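One point on numbering: in my numbering, the residue at position 400 of the sequence shown is 509, and numbering is uninterrupted.
Idealized CB from N, CA, C, for every residue including glycine.
Predicted model only: the values in this text are computed from it and were never measured.
Quick notes on the structure that follows.
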Amino acid sequence: MNSTDLAFTSAAALARLISTRQVSAVEVMHATLARAEKAQAACNCFITICGDRALADAAAADQAMAKGAEPGLLHGVPFHVKDLVNTKDVLTTFASAMYADNVPREDSVTVARMKKAGAILMGKTTTPEFGHMPYTQAPLFGRTCNAWSAQRTSGGSSGGAAVAVALGAGPIGIGTDAGGSTRIPAACNGVVGFKQSPGVMPHDMAPEVFANFSSINPVARTVMDAALMLEAMAGAHPSDPYSLAMPSSGFATAARPEGSLKGMRVAWRPLLGNSVVDGEVFALCEAAAQTIGALGASVEPMDDDLEPVEPYWFIYACALWWARFGDALPEWRDRLSPTLVRQMELGKDRTAADVGRSLLKRTQLYRTVQGWFDRFDVIVSPTLARTALDIEERLFDEIEIDGRPAGTVRRAWYPYTHPFNLTGHPAVSIPCGFHSDGLPVAIQLVGRRGEDARLFRVAALFEQARPWADKRPRDLG
110 MNSTDLAFTS AAALARLIST RQVSAVEVMH ATLARAEKAQ AACNCFITIC GDRALADAAA
170 ADQAMAKGAE PGLLHGVPFH VKDLVNTKDV LTTFASAMYA DNVPREDSVT VARMKKAGAI
230 LMGKTTTPEF GHMPYTQAPL FGRTCNAWSA QRTSGGSSGG AAVAVALGAG PIGIGTDAGG
290 STRIPAACNG VVGFKQSPGV MPHDMAPEVF ANFSSINPVA RTVMDAALML EAMAGAHPSD
350 PYSLAMPSSG FATAARPEGS LKGMRVAWRP LLGNSVVDGE VFALCEAAAQ TIGALGASVE
410 PMDDDLEPVE PYWFIYACAL WWARFGDALP EWRDRLSPTL VRQMELGKDR TAADVGRSLL
470 KRTQLYRTVQ GWFDRFDVIV SPTLARTALD IEERLFDEIE IDGRPAGTVR RAWYPYTHPF
530 NLTGHPAVSI PCGFHSDGLP VAIQLVGRRG EDARLFRVAA LFEQARPWAD KRPRDLG
């Protein structure tokens, strides 16, 4: 196996190869770091590559195997972490000048659990400032482009993680998601992005836990790799009240592509409060829903009766930006992303009644979505209404889909993702084909709260029927 093939090998396969000493962790890390350097030069997807540290940890992993140690679930497997998640002794800036020199003294709970499972941190990936938008660019580190086209956005806010995984610069990565930030870049770059039910993986980085709609999530090339990450990171932790009563195992077992989907009721929902979806995206996603039907599920179209969710998601999000950073604005305004400043100022103008109404709307949305699961086990939709936007597209502009004005970026491009941040239902974005523009297209699967394992089962069987892991982006030389 040459270095490039090794870099594109799944985390599950790498863990097996390393634990049986068919390949060394050092070999794997050399291959991964070589790809990371090329990916960084081509797409700017890392803020830090921890080369020397990662190689030393890989050597230690090999020594442990030589001494007969029991391997962890991800023994010797390289992983990277989005620059919104704390990593001990490794720069964590939140892509902001306010934290440009921040080096945490402790790992986030999820990072610590990945290390405990034997995975090796090899870098930190790019994000927009504090993860505030669906593109990945920030004054501190610049812009990250798509793995398949330098002229298209990587998506965001976990854009660096998705690009790195797509380019073989680490088979797995940790992302975050408050409105689609794992699923959007996963769809843009042709990888898997999983948003779990609240609390399955504890979110000790959340500044507000009780009305929180963000989560820490797996980004991976395969369904099994995402499931292994969840298996490693799941479990109760006192920092997150939602984690205290959630399932914490069984994800990897569910991700084995065995059996059929006979008896499962699936809804195909091409619209979710929006009115326009790209014709090719619609056709590819509808064909994916039909594939799920061919696997044994009963698939039924579901009419759209949902009002747009983005307006009240946006009110609440902007109010939180202002609450968190408003006091710092006079000092830091000129060094912050203009799009973040604009959202903070919009938050400043919101009244308590505005925020209260958005919370009431959130409850109504939750109950509406819960009602869908009286009839169905899984909801299938596109992840995005069109493929990755032009890299020059601005956040507050209106976009076109199929040559027609469709609305603002948040409302028109990804109406399918943020509803489930607000409701807490688990959702996964998985590739389902390629558009004529050469870019990946993805479907989103949504399940009942707490039934994350069921989504892995559906996704794994779909992946077996319509594999994608052998598809590689443009050559990096």
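Given residue i as reference, the closest of the options once Cα atoms are compared
| i | options | result |
| --- | --- | --- |
| Lys233 | Ala163, His184 and Arg292 | Ala163 |
| Glu136 | Leu123, Ser358, Gln573 and Phe250 | Leu123 |
| Gly227 | Glu416, Gly240, Gln172 and Ala315 | Gln172 |
| Ala343 | Ala397, Pro327 and Ser267 | Pro327 |
| Ala381 | Pro410, Asp458 and Phe434 | In the sequence under discussion, the amino acid at residue 381 is Leu, which differs from the Ala named in the question. Of the listed residues, the one whose Cα sits closest to Leu381 is Pro410. |
| Pro491 | Phe485, Pro439 and Ala551 | Ala551 |
| Arg125 | Ala148, Gly160, Trp431 and Gly185 | Gly185 |
| Ala273 | Cys254, Ala287 and Gly289 | Cys254 |
| Leu249 | Val212, Leu445, Trp257 and Phe423 | Leu445 |
| His189 | Leu469, Phe434, Ile281 and Glu238 | Ile281 |
| Gly586 | His139, Arg222 and Ala150 | Ala150 |
| His534 | Gly542, Gly559 and Trp522 | Gly559 |
| His544 | Pro243, Asp114, Ala296 and Ser128 | Ala296 |
| Met223 | Ala206, Pro243, Gly556 and Thr196 | Thr196 |
| Thr129 | Arg214, Ala175 and Ala341 | Ala175 |
| Lys547 | Gly299, Arg513, Gly308 and Met338 | The residue you asked about is not Lys; residue 547 is Gly in the sequence shown. Checking every option, the nearest Cα to that of Gly547 belongs to Gly299. |
| Asp387 | Pro356, Leu498, Met453 and Ala364 | Leu498 |
| Asp334 | Ala121, Gln452 and Ala437 | Ala121 |
| His139 | Ala116, Ala148 and Gln131 | Ala116 |
| Pro420 | Gly456, Ser407 and Ile401 | Gly456 |
Start-to-end residues for the alpha helix (DSSP H) that takes in residue i
| i | result |
| --- | --- |
| Asn298 | Arg292 to Asn298 |
| Trp522 | Val518 to Trp522 |
| Glu419 | Glu419 to Phe434 |
| Ala168 | Gly160 to Ala175 |
| Val567 | Asp561 to Ala574 |
Three-way DSSP call (helix, strand, coil) for residue i in this model
| i | result |
| --- | --- |
| Cys590 | With the chain represented from 110 up to 586, any question about residue 590 goes unanswered, as that position is not in the structure. |
| Gln473 | helix |
| His527 | helix |
| Ser266 | coil |
| Gln131 | coil |
| Arg444 | helix |
| Val390 | helix |
| His312 | coil |
| Thr331 | coil |
| Arg466 | helix |
| Asp511 | coil |
| Lys580 | coil |
| Thr201 | coil |
| Val186 | coil |
Delimiting residues of the beta strand (DSSP E) encompassing residue i
| i | result |
| --- | --- |
| Leu554 | Pro549 to Gly556 |
| Gly232 | Ile229 to Thr234 |
8 Å Cβ cutoff met for residue i and residue j
| i | j | result |
| --- | --- | --- |
| Val301 | Ser538 | yes |
| Tyr596 | Leu493 | Nothing in the structure corresponds to residue 596, since the chain is present only between 110 and 586. |
| Ser306 | Asp561 | yes |
CB contact below 8 Å: residue i versus chain D
| i | result |
| --- | --- |
| Pro327 | In summary, chain D is missing from the structure at hand, where a single protein chain is found. |
Determine, using beta-carbon pairs with one atom in the segment 292 to 312 and one in the segment 144 to 164, whether at least three such pairs fall under 8 Å. no
The segment 140 to 147 in contact with the segment 260 to 270 per 3-pair CB rule at 8 Å: Taking a contact to require three or more Cβ pairs closer than 8 Å, the segment 140 to 147 and the segment 260 to 270 do not qualify as touching.
Could you tell me whether the segment 444 to 462 touches the segment 507 to 515, using the rule of 3 or more Cβ pairs below 8 Å? Flag = no, the segment 444 to 462 and the segment 507 to 515 do not touch.
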